[in-house]
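Below is one structure, written out as structure tokens; comments come after it.
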Ligand SMILES: NC(=O)c1ccc[n+]([C@@H]2O[C@H](COP(=O)([O-])OP(=O)(O)OC[C@H]3O[C@@H](n4cnc5c(N)ncnc54)[C@H](OP(=O)(O)O)[C@@H]3O)[C@@H](O)[C@H]2O)c1
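Residue numbers (the numbering used here): 9 to 272.
Here is the structure:
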């Protein structure tokens, strides 16, 4: 792979650095992370031994791939800073929530922009990354797919679905973790120590996800296999539904979707 510059070494930027280095796709000298805070960059240098820079223009100088990992409100100033320094053969990959390919194209007067929506599972090579590109970037799209498939699963989607991908895939990490926390709390109430309850709940969650993923089955099919008629599982499941489990999850997902569509 040709060199990669990551603008923004926050939660997502660091997760991607960690995953890409473990995947072996990039060496430490091939990745440059830029940011504002010297303290953060020093910590990134110490943890990952990649190149760091406080200058975005310096960071992108020798990079073929430029990964934008800043907050939406920080993007305008970053684009303004790098727009004169970008070469036509460089490719931008934006993780920035809610900012379309067209909007970035306009500022940079380039059509070399691909949008990706990974999640923090990237640090453990378990990201779900949705990718959207316009027709001018079909060749580069293949390389971006290859890059992100080394740190998890990828799915190419139409750009209008990017907001939904953000809710389901990126915010989804938090949604699943909140359910996991609730399971742990239930375990503690039944008598397990917190760390024991966590071991059991985490491994069970991984087992459940792996069953559906590897068997390529619908969740309900795997649920049927552990649900004895008149048994304790169906008793618990039905009580959760009486209390609104599925309904509250769907409502939460839709509230998140409404919020993301209102952010500008
Ligand atoms: N976190 C996720 O799970 C996730 C998932 C998918 C997509 N995203 C999207 O990815 C983007 C980054 O998210 P995040 O969670 O990593 O945010 P974050 O933790 O706030 O990180 C943003 C980073 O950008 C840096 N930054 C700010 N202004 C900068 C500038 N002018 N030049 C260079 N770097 C600058 C900050 O560095 P300093 O500390 O040095 O200021 C900070 O480290 C967002 O648009 C978010 O919506 C996030």
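Idealized CB from N, CA, C, for every residue including glycine.
Under the three-state reduction of DSSP output, residue 261 falls in the helix class. Under the 8 Å Cβ criterion, the region 190 to 202 does not count as touching the region 128 to 146, having fewer than three qualifying pairs.
Just measuring C-alpha positions, the residue of 188, 246, 46 sitting nearest residue 62 is 46. In this structure the region 13 to 27 lies against the region 75 to 87, because at least three pairs of beta carbons, one per stretch, are closer than 8 Å.
Each residue's CA atom was taken as its position, placing residue 99 and residue 203 some 45 Å apart. In the three-state DSSP reduction, residue 45 falls in the coil class, being neither helix nor strand. In terms of side-chain proximity, the C-beta atom of residue 109 is found no nearer than 8 Å to any non-hydrogen atom of ligand 1.
Considered as a whole, the region 42 to 101 harbours 46 to 56, 64 to 68, 80 to 90 as its complete alpha helix (DSSP H) runs of no fewer than 4 residues, in chain order. For the pair residue 66 and residue 41, the Cα-to-Cα distance works out to about 10 Å.
Each of 171, 190, 227, 243 was checked against the Cα of residue 263, and the nearest Cα belongs to 171. Using a Cβ-Cβ distance cut-off of 8 Å, the region 23 to 32 and the region 148 to 160 are in contact, since at least three pairs of beta carbons, one from each stretch, lie closer than that value. By the 16-neighbour rule on beta-carbons within 10 angstroms, residue 137 is buried. A distance filter of 6 Å between CB atoms and the heavy atoms of ligand 1 selects the following residues in sequence order: 15, 16, 17, 18, 19, 20, 21, 42, 43, 44, 45, 48, 64, 77, 78, 79, 80, 82, 85, 86, 103, 104, 105, 125, 126, 127, 128, 178.
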